[in-house]
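Written below as structure tokens is the structure these notes are about.
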Amino acid sequence: WGIYAHQFNSSLDLSCMRCRYPTEPTDLFPEAVTDEMAHDFYAFLTTLCAQHFVSAVPMVPVYYFGWVESPDIYKSMFVLGTLSDVGFDIYDVLKTTIRTFGRHPDP
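For any residue, its number in this note's numbering is found by taking its place in the sequence shown, counting from 1, and adding 163.
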């Protein structure tokens, strides 16, 4: 995804991140926000949105027909979509917790 992120306007990417991080180096944030960081953030955000979309698509028929009227295949698709989204959320919480509180030689 990082390759495709370079096709977008880096000033737009940076403007999305300026609300939280400085664009100039400071004592607390010595690297500031670089173009590479903005592109990585944009690629991650795009991937996250795509994953949630892929997980939600199998749920649409049950939303449209209702649980009682839906055939078993739609109910199974709904459950698999839900498990996919919950599984990703569990993975994301564990990864974020480890990256936040764990120590690693290459952050």
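All C-beta atoms, glycine included, are put in the ideal place defined by N, C-alpha and C.
Proximity of residue i and residue j at Cβ, strictly below 9 Å
{"i": "K238", "j": "V225", "result": "yes"}
{"i": "T189", "j": "V196", "result": "no"}
{"i": "P221", "j": "F241", "result": "yes"}
Buried or exposed (CB count within 10 angstroms, at least 16 for buried), residue i
{"i": "Y254", "result": "exposed"}
{"i": "A213", "result": "exposed"}
{"i": "Y205", "result": "buried"}
{"i": "A168", "result": "Per-residue confidence for A168 stands at a pLDDT of 45, beneath the threshold of 50, marking its modelled position as unreliable; the derived number appears in the next sentence. Looking at its Cβ environment, which holds 16 or more other Cβ atoms inside 10 Å, A168 is buried."}
Residue nearest to residue i in terms of C-alpha spacing, selected from the options
{"i": "L356", "options": "H202, T210 and A219", "result": "The requested residue 356 is not part of the displayed model; the chain covers only 164 to 270."}
{"i": "G244", "options": "V217, R266 and T260", "result": "V217"}
Contact set for residue i: own chain, Cβ-Cβ below 8 Å, skip 5 residues either direction
{"i": "S233", "result": "P224, V225 and F241"}
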